[in-house]
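K.L.:
Taken in order, the sequence shown gives residues 316 to 865; the numbers are from my numbering.
From the three backbone atoms N, C-alpha and C, an ideal C-beta is built for every residue, glycine too.
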Amino acid sequence: MKRSLLRGVRGGYAFFIPVLAIAAAAGVAACQGCKPPAPGAVSADADVEAKTPTVRLYVLSTVAGALEPCGCTKDQLGGIDHLAAFIEGQRDEAPHHLVVGAGPLLFAEPEVKPERSSQDAWKAEAMALAAREIGLTAWAPGENDWALGAEALGKYTEQAGAVPLAGNIEGAQGVVVREVSGVKVGLIGVSDPKGRAGAYPAGVKPGPVIEAMKAGVLEAKKQGAKVLVGLAALPRGEALRLADHVPELHVLVLGKPSERGDVNDGAKPPVLIGSTLVVETPNHLQAAAVVDLFVRGGGDGELVFADAGGVAKAEELISLSARIRELEIRINSWEGDKTVAAKDVADRKADLEKLRAEKAKIEAAEAKVTGSFFRYSAVEVREKLGADKDVAGQLLAYYKRVNAHNKEAFADRVPAPPAKGEAGYIGIDACTNCHDEERKVFDATAHAHAYATLQEDFKEYNLDCVSCHVTGYGKPGGSTVTHNASLQNVQCEECHGPGSLHAKDPEKKGLITLAPPPDSCVSQCHHPPHVEGFDPVAKMQLVLGPGHGK
Numbered sequence: 316m317k318r319s320l321l322r323g324v325r326g327g328y329a330f331f332i333p334v335l336a337i338a339a340a341a342g343v344a345a346c347q348g349c350k351p352p353a354p355g356a357v358s359a360d361a362d363v364e365a366k367t368p369t370v371r372l373y374v375l376s377t378v379a380g381a382l383e384p385c386g387c388t389k390d391q392l393g394g395i396d397h398l399a400a401f402i403e404g405q406r407d408e409a410p411h412h413l414v415v416g417a418g419p420l421l422f423a424e425p426e427v428k429p430e431r432s433s434q435d436a437w438k439a440e441a442m443a444l445a446a447r448e449i450g451l452t453a454w455a456p457g458e459n460d461w462a463l464g465a466e467a468l469g470k471y472t473e474q475a476g477a478v479p480l481a482g483n484i485e486g487a488q489g490v491v492v493r494e495v496s497g498v499k500v501g502l503i504g505v506s507d508p509k510g511r512a513g514a515y516p517a518g519v520k521p522g523p524v525i526e527a528m529k530a531g532v533l534e535a536k537k538q539g540a541k542v543l544v545g546l547a548a549l550p551r552g553e554a555l556r557l558a559d560h561v562p563e564l565h566v567l568v569l570g571k572p573s574e575r576g577d578v579n580d581g582a583k584p585p586v587l588i589g590s591t592l593v594v595e596t597p598n599h600l601q602a603a604a605v606v607d608l609f610v611r612g613g614g615d616g617e618l619v620f621a622d623a624g625g626v627a628k629a630e631e632l633i634s635l636s637a638r639i640r641e642l643e644i645r646i647n648s649w650e651g652d653k654t655v656a657a658k659d660v661a662d663r664k665a666d667l668e669k670l671r672a673e674k675a676k677i678e679a680a681e682a683k684v685t686g687s688f689f690r691y692s693a694v695e696v697r698e699k700l701g702a703d704k705d706v707a708g709q710l711l712a713y714y715k716r717v718n719a720h721n722k723e724a725f726a727d728r729v730p731a732p733p734a735k736g737e738a739g740y741i742g743i744d745a746c747t748n749c750h751d752e753e754r755k756v757f758d759a760t761a762h763a764h765a766y767a768t769l770q771e772d773f774k775e776y777n778l779d780c781v782s783c784h785v786t787g788y789g790k791p792g793g794s795t796v797t798h799n800a801s802l803q804n805v806q807c808e809e810c811h812g813p814g815s816l817h818a819k820d821p822e823k824k825g826l827i828t829l830a831p832p833p834d835s836c837v838s839q840c841h842h843p844p845h846v847e848g849f850d851p852v853a854k855m856q857l858v859l860g861p862g863h864g865k
């Protein structure tokens, strides 16, 4: 993927190594101040019909190491290769653009477990290299970005070619200015990367964010910035107050100060606070925001951008998107279910097309304004956007690297033996000795091929993936990332429990779970974000057959 030639020359990078500050040195110039007044009334103007923005901002919030979605739902949201393809595909429409972010970028968790250190380090490197491909200019870092320390963050920063901005943190860079389409854009970042216990990453000494943002705005103006964009990794309430205190900002991008777990957040509507557009996208690259800024009029006057579309109807669009997603999930599920009538599927598809048309109509609506203006839109990151071959190649290289490493690194990892008198796992071949009919049913299910789906993508030794594709993972007498030869795939014992004692005494009751409750599937693997809209009762029917529940 080729990066824009209009992004300007990069300066130096702040590596967040304690006591050492590396300031940006390029792309700076003098300028006049530009505190915008409150926006006035709007009226008709032919300029609003212009389609090519002066500057487009692609906005990302709380990426948190999410290279791609994990799970088995059709067309899940996410995937940095899809985002890269989207940005590249928009080059003709918006040739002059910047990619910016706020919140954790590199790691899913603030701490890295020793056993995961190599895999997580390489994953962060893959994210950094992908960030370079999509053209990330700067982001306000979160706690997770220091997961392996300041020196590692410096290395990833260099690989990404992006600037971590946190002007309120001692030794960190706070401002970068880029010239885009003849207009200088100032990016000013602040961060409060505080963990759950109130502690900060080692060597991180934060100061007041409001004062830092104000100082950053002044510095950006001195360097010639006419468009001012704030990046804030803060709790949302605190970040919204920041917009009140620094009204000079044209756009304020929000992200979390810290992130834990793989739960996906819902969409948040953009808001206007005074004349500042506040934007926060869903975490884990589920969606990106697109902010098109149209600078109109000559002279050196102050810039203020009126809303020409996107904000006023944002909540309605989010509601429509949620209804569309719900229908898509239901239809995806029904299409593989022979018990659902074809007419019901067809009717729901018709409903889906109506909702999509309604959403498209609202998105296409434009307000007529005078002077400079912006348009806002949110783009869900989906498979249909395509996959950028360079980023996809980087992801594949990462998976192959991890696979080869973990196969050797965990070669000696064997499961703990079951406690005395407790059952261990024996594998489906042993079960088949007495349950031939049930085995035939199993072989016809997707569970029988779960491990192969990992092998096809070089993920069978990946610590993020293997647990849901084998039986008895991490359990006494079960399987590990490398010791699972007889327990590959989602076999009988994953639902019925370990069967060694049952095999020895088949007539004795209570040694096996005869009728597993459907919810047991949800507790193991089939829960958000891995699966959306999962109905365990309905799905249970897909694994039943003659002699196996029927």
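1) Ignore the nearest five residues each way along the sequence and tell me which others in LEU398's own chain have a CB closer than 7 Å to its CB.
2) Any idea if ASN748 is buried or exposed, counting beta-carbon neighbours within 10 angstroms, 16 or more meaning buried?
3) Bridge partners of PHE401, per DSSP?
4) Starting from HIS412, follow the beta strand (DSSP E) in both directions and report where the run begins and ends.
5) In angstroms with no decimal places, state the Cα-to-Cα distance between ARG493 and LYS520.
6) Let me check understanding here. Comparing Cα to Cα, which of PRO832, HIS412, ALA657 and GLY404 lies closest to LYS499?
7) Compute the distance between the beta-carbons of SER794 and VAL805, then report whether it is under 7 Å.
8) Which same chain residues, not among the five before or five after ALA765, have their C-beta less than 7 Å away from its C-beta?
9) Specify the secondary structure class of GLY531 as computed by DSSP and reduced to three states.
10) If you run the structure through DSSP and keep just helix, strand and coil, what is ASP559?
11) Go through the stretch 668 to 718 residue by residue and report every complete run of the beta strand (DSSP E) that reaches 3 residues or more, in order.
12) So for GLY380, helix, strand or coil by DSSP?
13) When DSSP labels each residue in this structure, what does LYS536 get in the three-state scheme?
14) Based on Cα-Cα distance, which residue from ASP435, VAL374 and VAL532 lies nearest to HIS560?
15) What are the complete beta strand (DSSP E) segments, minimum 3 residues, inside the stretch 554 to 615?
16) Can you tell me which of the three DSSP states ALA423 falls into?
17) Would you identify the three-state DSSP class for GLU494, choosing helix, strand or coil?
18) Considering only the alpha carbon of each residue, which of LEU502, PRO821 and PRO410 lies closest to ALA453?
19) With burial defined as no fewer than 16 other Cβ atoms inside 10 Å of the residue's Cβ, what is the status of SER432: buried or exposed?
20) Given a cut-off of 7 Å, decide if GLU534 and VAL505 are closer than it, judged by their beta-carbon atoms.
21) Is there at least one non-hydrogen atom of the ligand ZN closer than 6 Å to the beta-carbon of ILE644?
22) Nearest CA to the CA of LEU857: which residue from ARG690, ALA761, GLU847 and LEU587?
P.N.:
On the basis of the coordinates in this document:
1) ILE449, LEU600, ALA603 and VAL696
2) The residue in question, ASN748, is exposed, as its Cβ has fewer than 16 Cβ neighbours within 10 Å.
3) According to DSSP, PHE401 bridges with nothing at all.
4) 412 to 417
5) 27 Å
6) For LYS499, the nearest C-alpha among the options comes from HIS412.
7) no
8) HIS784, ASN804 and VAL805
9) helix
10) helix
11) 688 to 695
12) coil
13) helix
14) Comparing alpha-carbon positions, the option among ASP435, VAL374 and VAL532 lying closest to HIS560 turns out to be VAL532.
15) 566 to 570, 586 to 588, 591 to 594 and 602 to 609
16) coil
17) The answer is strand: DSSP assigns GLU494 an E or B state.
18) LEU502
19) exposed
20) The Cβ-Cβ distance between VAL505 and GLU534 does not fall below 7 Å.
21) In the structure shown, the ligand ZN is absent, as is every other ligand, since no ligand is present at all.
22) ALA761
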